[in-house]
Structures are given as structure tokens and as C-alpha cells.
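Heads up, the thing below is written out as C-alpha cells.
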Amino acid sequence: MKKALTLSGSIRAGSQNRRLQMLMGRRLRAAGVEVSDLDLGDFPMPVFNEDLEPDQVPEAAGALAQKWRDADIIFIATPEYNGGLPPLLVNVITWLSRQKPSPFRNAVFGIGGVSSGKYGTIWALSHLQDSLGKMGGLVAPGLLGIGPADAAFDEKGDPVEPAINRKIETLVTDLVRISRG
Ligand SMILES: Cc1cc2nc3c(=O)[nH]c(=O)nc-3n(C[C@H](O)[C@H](O)[C@H](O)COP(=O)(O)O)c2cc1C
């Protein structure tokens, strides 16, 4: 059985991206994938600084890197902060990029995001797609940008717009087909 991890770049209570993370977890499970929905709050890492290497590398960086290596599919939901990625996600990616062997090489990623604006995180997703690809990951095509957040989901946490539902279906199908497991 293929294994997937889902993550959210926001760990605040009531996060819309956490909602998207859980929705993708449900859809991947429905497609026959074994899914672990992770909380980045369980992987505390200080702000990256090369002076912390090699003696003060957080244990969480090694633990999360191993989970990434063991997964066939990694789905990341991210907010957009000031047209870019939120510091939590940048920090996690930076620490993981220093782990050996690389948890990015040959990893298969799906990305998406929810924002309060109508452009729905497309700038953040574009940065993320670029960065994951440059580190050796394979990012499934398409940008699952959803916004404005307050009109995006119904009370069950499913997307209101049929177009978003179709995009999610396509992303799940692509991830299952291109992943290695
Ligand atoms: C520091 C900061 C910067 C933000 N910048 C953007 C932005 O550039 N584009 C955007 O659409 N929303 C922006 N927002 C609003 C977020 O889209 C909104 O807070 C969203 O709900 C965050 O995701 P979350 O609910 O998963 O925490 C920003 C929010 C914060 C706190």
C-alpha cells in the first residue's frame, strides 16, 4: 500500500490550511493510500543558523526527514505570507535540506494552499514548487490555490466550488500514479 504524509505550513488553531491538509488526507485515503496527517508543531526546530551545526541540530529535523524518506507521497498545504512562504515552512524545509541522505531527492510532492485573498496562495505555491523541484523533488503539476478562505469550505470541510473538487481529484490521481510505492 502506498504511504502518504500530509502537512500544513500553519499550526494555528482554526487554520484553513490544516483544513485543506485534512481534506487531502481523506481524499488520499479514499484512493487507497495509507495516510499520516502530521502536525509540524510536534517537530520543534529553532530558526536555522549554521552555527547550530553540527552539535545543536534539532532531533525533530532527523525524525521528520526519515518520515519524508519513508513516504511515497508528501502533501503540503501552505498559507501565503507577504507573497511568499510562511517562516515555519521555510525553516522546516531549510533544516530538512541539511539532512543526509536528502529527504527531497526523488520524493513526490503535492502542494496546495488556502488564503484569505482571492489569488489563493498562488505566489507561495509557485515558490514552493520551484524550491522543492530545485532540491530534487518531483512536484505534481497544477497549483491548488484556494481563496478566499471564508467561502471555500462547507460545514463538513469539503470545498464549495466544483472546480476545486475537480482539481483535488486530479491531484490525487496524479499523486497515486507518479509515486513510487
Ligand atoms: C504575516 C501574514 C502575511 C499574510 N500575507 C498574505 C498574502 O501575501 N497573501 C494572502 O492571500 N494572504 C495573506 N495573509 C492572510 C492569510 O491568507 C490568512 O491569514 C490565512 O488564513 C492563513 O492561513 P491559515 O488559516 O492556515 O493560518 C497573511 C497573513 C499573515 C499573518
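The sequence shown begins at 968 in our numbering and counts up by one.
Ideal placement from N, C-alpha and C gives every residue a C-beta, glycine not left out.
In angstroms with no decimal places, state the Cα-to-Cα distance between residue i and residue j.
i, j, result
"residue 1118", "residue 1050", "21 Å"
"residue 1076", "residue 1022", "30 Å"
"residue 1056", "residue 1111", "17 Å"
"residue 1007", "residue 1137", "26 Å"
"residue 1039", "residue 1018", "33 Å"
"residue 1016", "residue 1101", "21 Å"
"residue 1097", "residue 1146", "19 Å"
"residue 1065", "residue 1027", "13 Å"
How would you label residue i, buried or exposed, when you count the other beta carbons within 10 angstroms and need 16 or more for buried?
i, result
"residue 1124", "exposed"
"residue 1046", "buried"
"residue 1012", "buried"
"residue 1108", "exposed"
"residue 1208", "The chain is shown only over 968 to 1148; residue 1208 falls outside these bounds and no answer can be derived."
"residue 1130", "exposed"
"residue 976", "buried"
"residue 984", "buried"
"residue 994", "buried"
"residue 997", "exposed"
What do you reckon, is the C-beta of residue i under 7 Å from a heavy atom of ligand 1?
i, result
"residue 1046", "yes"
"residue 1088", "yes"
"residue 1057", "no"
"residue 1079", "no"
"residue 1028", "no"
"residue 1008", "no"
"residue 1096", "no"
"residue 983", "yes"
Cutting at 8 Å between CB atoms, please list the residues of its own chain near residue i, excluding the five before and the five after it.
i, result
"residue 1035", "972, 1041, 1063, 1070, 1071 and 1074"
"residue 1094", "1051 and 1052"
Grab me the residues of residue i's own chain with a C-beta within less than 6 Å of its C-beta, minus the 5 sequence neighbours each way, in chain order.
i, result
"residue 987", "1044, 1079 and 1081"
"residue 992", "973, 1002 and 1004"
"residue 1025", "1012"
"residue 1000", "969 and 971"
What does a CB cutoff of less than 7 Å around residue i pick up in its chain, not counting 5 residues either side in sequence?
i, result
"residue 1120", "986, 1126 and 1127"
"residue 989", "1004 and 1124"
**Request:** Note down, one range per segment and in chain order, each alpha helix (DSSP H) of at least 4 residues found wholly within the region 1050-1124.
**Result:** 1054-1063 and 1089-1101
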